[in-house]
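Chemist:
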């Protein structure tokens with residue numbers, strides 16, 4: 014028996030039997046994930062290393078990563094799991110969540126997600142793995158969908174223009190406050206006390222760093238005639254469900270010179286008078302209830318709509334209509350000069366990723382239902398609320414207000430304790446106010462049995478049937494008669510009327526998808542963006558009911574699965590980064606920067622160092638860095654970079670000495686944005702600490718560090734960790750993302766808190782405040798990163814980093830004889846990305862970086878990062894997920910393009926009418942009956958052996974005319990006559 018036990022093994026701590034080597038040999042794991050995530054085979058890696066002159070990958074790493082920061086051990090995390098084992102394990106964790114029915118409201122509602130949208134967009138890598146649409150010619154599908162979103166928001170709110178989504182309602186309100194301050198230039202905002210509490214918290218936090226006073230009040234007590242305010246913020250319907258007339262408030266705000274901001278609800282506005290009808294300047298909110306699950310708080314798309322006069326102050330991205338080189342209508346991102354990578358600390362916001370994928374889902378939800386369908390849903394919700402209100406009052410309870418859309422506030426006859434007891438019996442979550450009242454918010458999922466159970470909760474003797482028999486469906490009592498009825502049409506554009514059948518809708522979604530390049534087509538080699546594999550196994554849990562049907566404000570006891578997952582992911586991320594504590598609240602990388610800097614500022618303030626407000630930022634830093642520093646109330650001072658791409662240590666020492674009394678922190682990207690591991694990183698950190706500053710390490714390039722070195726070890730105090738990059742959350746065409754921050758122990762007490770559910774478990778007394786509407790940000794996409802780490806294990810994570818560095822050096826080596834490589838590290842290697850310099854080609858052939866970017870589309874590739882961090886350059890990052898064949902194809906495309914440029918230089922090709930200047934080539938142009946260009950159709954469309962008719966991805970439009978689009982700005986769906994067949 015003893016011998017048998019040794020052979021079979023015994024159960025370990027996890028409950029699984031420890032497998033002997035003999036059994037492992039007979040029963041190997043055949044769904045091991047590591048080799049499926051890492052592109053090059055072991056044999057290919059050897060070939061690549063040999064071409065680089067190395068025998069082993071360790072030699073390359075030793076040449077690349079400074080020895081004085083190397084980890085030199087495996088990460089202390091669980092061994093890798095197979096794909097099916099991982100999913101079985103996660104199901105057990107998810108089963109700890111209790112999906113009660115939640116009628117808590119506060120801007121979060123359950124909804125019925127159309128299955129065709131769920132399957133064809135949310136669960137479809139053709140939509141989830143697209144990059145931000147900076148190369149518009151190969152992004153026309155999602156650009157059209159985002160334009161639908163903007164049109165939907167503008168129509169429903171009754172305003173002129175909307176952007177292509179923000180992170181959530183709370184941050185949208187904070188951005189609106191910033192707009193007020195920039196426009197009016199007074200540092201006082203009045204905010205209604207009936208705005209959602211999480212929104213108030215986010216606004217107050219943002220205001221605190223800007224020196225802005227937020228007066229939370231009942232507007233009955235406010236005198237706006239003093240002209241001392243920049244704006245007012247109110248909720249319509251308000252957080253308690255009440256519908257009020259705000260026309261007078263808006264008028265008074267305008268007379269006082271302020272901007273009127275309305276936080277509102279899109280579904281309510283399909284039947285209620287929209288904010289634009291009573292003079293509102295800015296409308297904000299969330300489109301979550303338009304086809305996006307509760308997701309335990311996110312991801313959801315926030316919306317932001319304004320009057321025309323505020324258009325250049327709008328934060329984030331806007332899609333606009335323009336024309337292409339052939340004069341055909343096309344879409345592109347409009348007014349990009351407002352963005353951080355151009356304006357840096359003077360940008361309208363620090364927003365980098367938004368919520369494009371969720372905005373596309375909400376837009377398609379509106380296309381699916383149309384105006385009639387949305388009005389029917391709104392009517393259903395209101396009818397159910399009116400039925401419930403009648404039953405509640407008929408049962409002896411009282412309502413605090415009688416004008417409502419979907420939310421009532423009840424004074425229970427037997428007290429809150431009795432209501433709570435009966436609600437728990439039915440597994441129902443309600444909102445419990447401090448004044449011993451109860452809030453109930455209904456949504457489109459409400460059915461007869463739900464109403465029966467709610468009537469039971471409030472001890473109502475009347476049945477739903479009895480209430481329905483006496484119900485007057487034609488009554489407009491809750492509208493105040495005609496006063497609150499919507500008087501303007503919505504969603505009148507044909508796109509919201511043309512796809513009623515599922516067949517047509519699915520074809521429409523597929524047609525849009527087919528216009529775009531994503532990772533299902535080819536590599537997306539963008540430097541600093543890490544467009545790596547988003548595996549099916551990682552993505553599957555994102556639509557599991559036990560993970561997506563939780564309201565963010567349910568009692569923590571009902572979310573024990575999530576809490577377990579958070580703890581495991583936090584433990585692993587701390588081990589990977591060397592930090593002591595993680596906050597998951599920031600739901601984008603740029604918001605993580607802001608949260609990290611606010612944590613530093615709070616620490617400095619609480620330790621008597623308030624005067625330390627200077628933030629040192631290298632010239633090569635991400636544009637979000639200075640924008641985030643400005644938003645956090647810091648003063649940006651720029652540090653020079655040497656010709657070799659390193660931070661100029663002499664200039665750093667000079668600036669530290671100059672600001673020795675006021676330096677608060679230095680923001681460093683590591684490896685640098687120039688694609689190199691700087692040997693002086695540890696010295697930099699020590700220098701800044703010596704002068705009393707903190708180190709903020711931008712985590713965008715963590716993909717070159719995992720398993721090799723840890724920021725917390727070599728001197729960093731705080732980082733944001735781009736989970737949507739290094740840890741496999743897909744880019745979604747411009748979001749969602751997650752930017753949790755890791756901090757050393759001394760900063761942990763100052764991390765983000767929350768007014769409803771405390772993510773710090775009580776240690777919030779020194780927190781700087783709140784950055785997101787939900788306590789844990791976009792919780793529902795955290796399982797992606799958790800699954801990646803679990804399936805890769807310590808060896809796989811380290812191997813992924815090594816191969817990312819190998820792939821970059823291999824491509825760099827292949828291209829170095831054809832293009833000038835701008836920067837190398839001290840070992841004459843690059844990190845996980847590299848920059849090629851094409852500035853000289855402007856002189857020799859009149860070819861610019863953008864010409865190469867557009868020509869790559871003809872080869873079936875998305876462009877690298879263009880003209881950043883160095884103007885006239887291309888930054889290339891292959892990631893570890895791309896195999897050798899794909900790397901070779903991309904390199905061959907770049908080499909072919911260089912030969913085409915050489916033909917221009919030699920006078921063989923026309924300097925203006927050549928394949929680069931005329932790129933990209935659409936099918937319409939190539940197949941036209943006329944061809945008057947001095948190069949062949951074949952060279953235009955099939956410029957390499959690997960570009961074949963059966964696999965060709967045609968750019969949908971010719972080269973975009975950006976100047977025309979900004980001069981003739983159109984950011985909603987154009988008339989149907991504008992469409993090109």
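Numbering (our numbering), first residue to last: 14 to 994.
Glycine residues also receive a C-beta, built at the ideal position from the N, C-alpha and C atoms.
(1) Name, in chain order, the residues that DSSP records as bridge partners for residue 1001.
(2) Taking 6 angstroms as the limit between beta carbons, can you name the residues of its chain near residue 981, skipping five residues before and five after?
(3) What is the residue span of the beta strand (DSSP E) that residue 635 lies within?
(4) What's the call for residue 795, buried or exposed, on a 16-neighbour Cβ count within 10 Å?
(5) Name the one or two DSSP bridge partners that residue 733 has.
(6) Taking the alpha-carbon of residue 965 as reference, which of 972, 971, 957 has the nearest alpha-carbon?
(7) When DSSP labels each residue in this structure, what does residue 980 get in the three-state scheme?
(8) Please work out which residues of its chain come closer than 6 angstroms, Cβ to Cβ, to residue 209, disregarding the five sequence neighbours upstream and downstream, and give them in chain order.
(9) What residue does the beta strand (DSSP E) around residue 343 start on, and which one ends it?
(10) Going by CA-CA distance only, name the one from 751, 752, 783 that's closest to residue 766.
(11) Among the candidates 453, 835, 581, 94, whose CA atom is the shortest distance from the CA of residue 397?
(12) Tell me the DSSP bridge mates of residue 682?
(13) Just reading off the beta strand (DSSP E) that residue 847 is part of, what are its end residues?
(14) Between the beta-carbon of residue 327 and the beta-carbon of residue 319, is there less than 8 angstroms?
(15) With residue 741 as the anchor, note down where its beta strand (DSSP E) starts and where it stops.
(16) Could you have a look at residue 622 and say whether DSSP puts it in helix, strand or coil?
(17) Would DSSP call residue 337 helix, strand or coil?
(18) What does the alpha-carbon distance come out to for the pair residue 214 and residue 606?
(19) In this structure, does DSSP put residue 175 in helix, strand or coil?
(20) Which residues does DSSP pair with residue 498 in a beta bridge?
(21) Just to confirm the assignment, what range does the beta strand (DSSP E) spanning residue 317 have?
(22) Leaving out the 5 sequence neighbours to the left and right, which residues in its chain are closer than 7 angstroms to residue 713 when beta-carbon positions are compared?
(23) Using DSSP bridges, identify the partner residues of residue 594.
(24) Between residue 985 and residue 163, how many whole angstroms is the CB-CB distance? I'm expecting something under 8 angstroms.
(25) Nearest by alpha-carbon distance to residue 710: which of 102, 324, 630 is it?
(26) Does DSSP classify residue 834 as helix, strand or coil?
(27) Kindly indicate which residue of 725, 551, 473, 81 has the alpha-carbon position closest to the one of residue 588.
(28) When you compare only the Cα positions, how much space is there between residue 821 and residue 890?
(29) What are the uninterrupted segments assigned as beta strand (DSSP E) that are 3 or more residues long and contained completely in the stretch 222 to 263, given in chain order?
(30) Taking the C-alpha atoms as reference points, what is the distance between residue 619 and residue 779?
(31) By DSSP, does residue 110 sit in helix, in strand, or in coil?
(32) Could you spell out the range, first to last residue, of the alpha helix (DSSP H) harbouring residue 544?
(33) For residue 594, which residues from the same chain have a beta carbon less than 6 angstroms from its beta carbon, with the 5 sequence-adjacent residues on both sides left out?
(34) Look up residue 323 in the DSSP assignment and say whether it is helix, strand or coil.
(35) Give the secondary structure of residue 364 by DSSP, where H, G and I count as helix, E and B as strand, and everything else as coil.
(36) Would you tell me roughly how many angstroms separate the C-alpha atoms of residue 708 and residue 84, rounded to the nearest one?
Modeler: The answer reads as follows:
(1) There is no way to answer for residue 1001, as the model of the chain reaches only from 14 to 994.
(2) On the chain shown, residue 981 is found 968 positions in, with the first residue counted as 1. No residues qualify anywhere along the chain.
(3) As a first step, residue 635 is located in the chain shown; it is residue number 622 there, counting from the start. Run containing residue 635: none; DSSP gives neither H nor E here.
(4) Stepping through the chain shown from its first residue, residue 795 is reached at position 782. Under this definition residue 795 is a buried residue.
(5) What you label residue 733 is simply residue 720 of the chain shown in a count that begins at 1. Answer is 711, 754.
(6) The residue given as residue 965 occupies position 952 in the chain shown. Selected option, being the one with the closest Cα: 957.
(7) As a position in the chain shown, residue 980 is number 967, starting the count at 1. Here residue 980 sits in helix by DSSP.
(8) By 1-based counting over the chain shown, the position of residue 209 is 196. Excluding residues within five positions, the ones whose Cβ falls inside 6 angstroms are 119, 120, 252.
(9) One-based indexing of the chain shown puts residue 343 at position 330. Residues 342 to 347.
(10) Position 753 of the chain shown, counting from 1, holds the residue named residue 766. The option with the nearest alpha carbon to residue 766 is 783.
(11) Numbered from its first residue, the chain shown carries residue 397 at position 384. If we check each option's Cα against that of residue 397, 453 comes out closest.
(12) Translated into positions along the chain shown, residue 682 becomes position 669. According to DSSP, which records beta bridges pairwise, residue 682 is partnered with 711.
(13) Taking the first residue of the chain shown as position 1, residue 847 is located at position 834. It spans 847 to 850 - the beta strand (DSSP E) in which residue 847 sits, taken as one unbroken run.
(14) The sequence position of residue 327 within the chain shown is 314, counting from 1. The sequence position of residue 319 within the chain shown is 306, counting from 1. Yes, they are a contact pair.
(15) Here residue 741 corresponds to residue number 728 of the chain shown, with the count starting at 1. Taken as a continuous stretch (DSSP letters only), residue 741 belongs to no beta strand (DSSP E), as it is neither H nor E.
(16) The residue given as residue 622 occupies position 609 in the chain shown. Coil.
(17) To locate residue 337, count along the chain shown from 1; it is residue 324. Looking at residue 337 - three-state DSSP - the assignment turns out to be strand.
(18) Counting from one through the chain shown, the residue named residue 214 turns up at place 201. Counting from one through the chain shown, the residue named residue 606 turns up at place 593. Each residue's Cα considered, the two are about 19 angstroms apart.
(19) Mapped onto the chain shown, residue 175 falls at position 162. In the structure shown, residue 175 sits in a strand (DSSP, three-state: E or B).
(20) Start at 1 with the first residue of the chain shown, and residue 498 comes out as number 485. Answer is 285.
(21) Position 304 of the chain shown, counted from the first residue, corresponds to residue 317. Where residue 317 is concerned, the enclosing beta strand (DSSP E) stretches over 315 to 319.
(22) On the chain shown, residue 713 is found 700 positions in, with the first residue counted as 1. Taken in chain order, the residues that qualify are 541, 602, 635, 682, 735, 738.
(23) Position 581 of the chain shown holds residue 594. Answer is 756.
(24) What you label residue 985 is simply residue 972 of the chain shown in a count that begins at 1. What you label residue 163 is simply residue 150 of the chain shown in a count that begins at 1. Contact flag correct, Cβ pair sits at about 6 angstroms.
(25) As a first step, residue 710 must be located in the chain shown, where it is residue number 697. Closest by alpha carbon: 630.
(26) Translated into the one-based positions of the chain shown, residue 834 becomes position 821. In the structure shown, residue 834 sits in a strand (DSSP, three-state: E or B).
(27) Indexing the chain shown from 1 puts residue 588 at position 575. The shortest Cα separation from residue 588 among 725, 551, 473, 81 belongs to 725.
(28) In the chain shown, the residue the question calls residue 821 occupies position 808. In the chain shown, the residue the question calls residue 890 occupies position 877. Approximately 6 angstroms, taken between the alpha carbons.
(29) 226 to 230, 244 to 249
(30) Against the chain shown, residue 619 aligns to sequence position 606. Against the chain shown, residue 779 aligns to sequence position 766. Rounded to whole angstroms, residue 619 to residue 779 spans 8 angstroms at the Cα level.
(31) Residue mapping note: residue 110 aligns to position 97 of the chain shown, counting from 1. Looking at residue 110 - three-state DSSP - the assignment turns out to be strand.
(32) Walking along the chain shown from the start, residue 544 turns up at place 531. Looking at the DSSP string, residue 544 is not in any alpha helix (DSSP H), and its letter there is neither H nor E.
(33) In the chain shown, the residue the question calls residue 594 occupies position 581. Around residue 594: 756, 761.
(34) Residue numbering aside, residue 323 sits at position 310 when the chain shown is read from its first letter. Helix at residue 323.
(35) Residue 364 sits at position 351 when you count from the first residue of the chain shown. Coil.
(36) In the chain shown, the residue the question calls residue 708 occupies position 695. In the chain shown, the residue the question calls residue 84 occupies position 71. So the two alpha carbons sit approximately 19 angstroms from each other.
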